[in-house]
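S.K.: Residue numbers (the working numbering): 1 to 472.
Glycine included, each C-beta is placed from N, C-alpha and C at the ideal position.
The structure that follows is given in the form of C-alpha cells.
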C-alpha cells in the first residue's frame, strides 16, 4: 500500500476534511443569514428614521408659505439626504440633488401618489434620476404639496459583497482552528486505540463502537488457536503414523531379508526351502496388505475418492465381500452370513466394499473356531413423515450391523479401536496377520459417507459394529 494511499485513509485527514467542510459551511451560511438579517434590520430602521425626518420637515414647512421657504430648504436640509418639494399637480418646485426645471412631472411616482391619498408614504425603488436603489419618505403638506425625502441604498448583493473580506478572514481563521482541532481530536481518539491489547481483545476499555471489531478479532484468534491445535495434532498423528508404518514394515522386511539371505547362502536344507519360501510369501503379503491400507488411508485423508456419488446397494456389496472372504473364513473355521434386504446409499462403491470387507475380515480374524460373523443390512424409514422436521423430505437411513462371536472389546477401549495401529490384543493381532489399520479405514469410510459408527460389545460376548447412513 503506497504512502499516498495511507495519507488519504488517515483518520486525521478524515476528521480535518469533515470538520473543515462543516465549519466553512456553517460560516458561509451564518454569514449570509446574519448579513441579510442585519441588512433588513438596518433598512427598516433607516426607513423609520427617514419617515421621522420627513414629518419634521413637513412640520417646518407648514409653519409658513411653502414658496417662501424654498431658500430656507437649501440651508436647513442640505446634506446626504435628498429633499424634493413637489406641488399638488406633480411639478417639482425644489430638489436638493437635481435641477427642478429639468425634472419631469412627479405626480405618477408611487410615493407621491400614496402620500397625496394617505397623507404620508414610505417605499424603496430604483431612482431614474440618481440611477441607484433609493428609499423614499413623503408627507403631504397643508397646502396640498408634497415634501419628499430620499436616501441612496446599497442592494443586498452589494451589501454582501462588502462583507466578503470579513467572511474570508473568518474562513482562514476557522481553517487554522479546524486544523489544530482535528489534530487534537485525532490524538485523543487514537490514544485508547493505540493502547489496545490485541492479545486479549475483550478485556480492553474502549469505545463501544469498537466492540463488534474486538469481538470479531477475538473470534478469529480463537479460531486460529483451534486451527493451530488441530494442525499440531495432525502433525503429531502424521509423525506417529510414519513411525508406526516404519515399525510395522520393519518386522516382515527383517524376516524376508533373513530367510532370503539363508537361501542365498545355501544354508537351507532342500526339504525346508518350500517352508522358507512360504514364510517369505506370507510376510510379503502382510507388507502388501499394510501398504494397501496405508494408501487407502492417505486417499481418505486427502479426499481423493472424489465427489461423484453413485447409488450403492450395501446388501449386494456385503454378499460380494462375504464371497471373497469365503476361503479365509473356511480356513479359520468361522461361518459368515449376510442377512437383510436391499438398502441403497449414495457414495463410493470402492470405498463401501473396502469398509464392509474390513469389518467382516476383522470379525473372522478375531474369532474362535466354530464362531460366526453375521452382517445384517436393512433400510429403516424416517422417525416421522418429513424426516422429523416440518417441510423436510422423508429420508430414512440404512443400518448395517456386523456381529461376531469373538472375545469382545473392553468398554474403555471401544473408541480406541478406531485409532491407527491400535490393537486390543497385540500378540493375537500379529498371529492373525492384522495390520492395525482396518477399523481406522472403516471409520474414515463411514464419515466419508456422512454416516456414524458405534461399538456394542462385552468381554467374552462378542462385538457388534453398528453403522448408520442416510438412505438414498
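Below 6 Å CB to CB, which residues in the same chain sit around residue 14 once its five sequence neighbours on both sides are set aside?
M.R.: Counting only Cβ-Cβ distances below 6 Å, and skipping sequence neighbours, we find nothing.
S.K.: Is residue 332 helix, strand or coil when you go by DSSP?
M.R.: Note: residue 332 maps to coil in three-state DSSP.
S.K.: Using the DSSP secondary-structure output, state which residues sit across from residue 400 in a beta bridge.
M.R.: Answer is 377 and 467.
S.K.: For chain D, check one thing: does any of its Cβ atoms lie closer than 8 Å to the Cβ of residue 224?
M.R.: The chain inventory of the structure shown lacks chain D, comprising one protein chain alone.
S.K.: Please confirm whether any heavy atom of the ligand MG lies closer than 7 Å to the CB of residue 169.
M.R.: As for the ligand MG, it is missing from this structure, which has no ligand bound.
S.K.: Quick check on residue 94: does DSSP put it in helix, strand or coil?
M.R.: DSSP places residue 94 in strand when its eight states are reduced to three.
S.K.: What did DSSP end up calling residue 389 once you bin it into helix, strand or coil?
M.R.: The predicted model places residue 389 with a pLDDT of 43, which falls under 50 and marks its position as unreliable; any figure quoted below should be read in that light. Three-state DSSP puts residue 389 in coil, outside helix and strand.
S.K.: Report the rounded CA-to-CA distance for residue 142 versus residue 114, giving the unit in angstroms.
M.R.: So the two alpha carbons sit approximately 16 Å from each other.
S.K.: Work out the CA separation of residue 330 and residue 407 for me, nearest whole Å.
M.R.: Cα to Cα, the separation comes out at about 19 Å.
S.K.: For residue 136, which residues does DSSP report across the bridge?
M.R.: BP columns for residue 136 point to 123 and 150.
S.K.: Determine, using beta-carbon pairs with one atom in the region 279-292 and one in the region 329-347, whether at least three such pairs fall under 8 Å.
M.R.: With a cut-off of 8 Å, the region 329-347 and the region 279-292 do not count as touching, because too few Cβ pairs lie within range.
S.K.: Let me check one thing: in DSSP terms, what residues is residue 338 bridge-paired to?
M.R.: Its beta-bridge partners are 375.
S.K.: Are the region 398-412 and the region 363-374 touching, with three or more C-beta to C-beta distances below 8 Å?
M.R.: Yes, the region 398-412 touches the region 363-374.
S.K.: Do the region 104-114 and the region 46-66 make contact, defined as three or more Cβ pairs closer than 8 Å?
M.R.: Output reads no: the region 46-66 does not touch the region 104-114.
S.K.: Where does residue 18 sit, in a helix, a strand or coil, going by DSSP?
M.R.: In the structure shown, residue 18 sits in a helix (DSSP, three-state: H, G or I).
S.K.: Might you give, ordered along the chain, the residues of its own chain that have their beta carbon closer than 6 Å to the beta carbon of residue 90, omitting 5 neighbours on each side?
M.R.: Taken in chain order, the residues that qualify are 105, 106 and 107.
S.K.: Does the beta-carbon of residue 529 have 16 or more other beta-carbons within 10 angstroms, so that it is buried, or is it exposed?
M.R.: A question about residue 529 goes unanswered here, because the residues of the chain that appear run from 1 up to 472.
S.K.: Where do the ends of the beta strand (DSSP E) carrying residue 366 lie?
M.R.: That residue, residue 366, is in no beta strand (DSSP E); it is neither H nor E in DSSP.
S.K.: Please list, in chain order, all residues of the same chain as residue 249 whose beta carbon is under 7 Å from its beta carbon, the five residues on each side excluded.
M.R.: Result list for residue 249: 287 and 290, in chain order.
S.K.: Can you tell me whether DSSP reads residue 5 as helix, strand or coil?
M.R.: Below a pLDDT of 50, predicted positions are generally treated as unreliable, and residue 5, at 48, falls in that range; the measurement from the model is reported next regardless. DSSP places residue 5 in helix when its eight states are reduced to three.
S.K.: May I have the straight-line CA-CA distance separating residue 356 from residue 419, to the nearest angstrom?
M.R.: Each residue's alpha carbon lies about 18 Å from the other.
S.K.: Of all the options 460, 87, 378 and 187, which has the alpha carbon lying nearest to the alpha carbon of residue 140?
M.R.: Per the Cα distances, 87.
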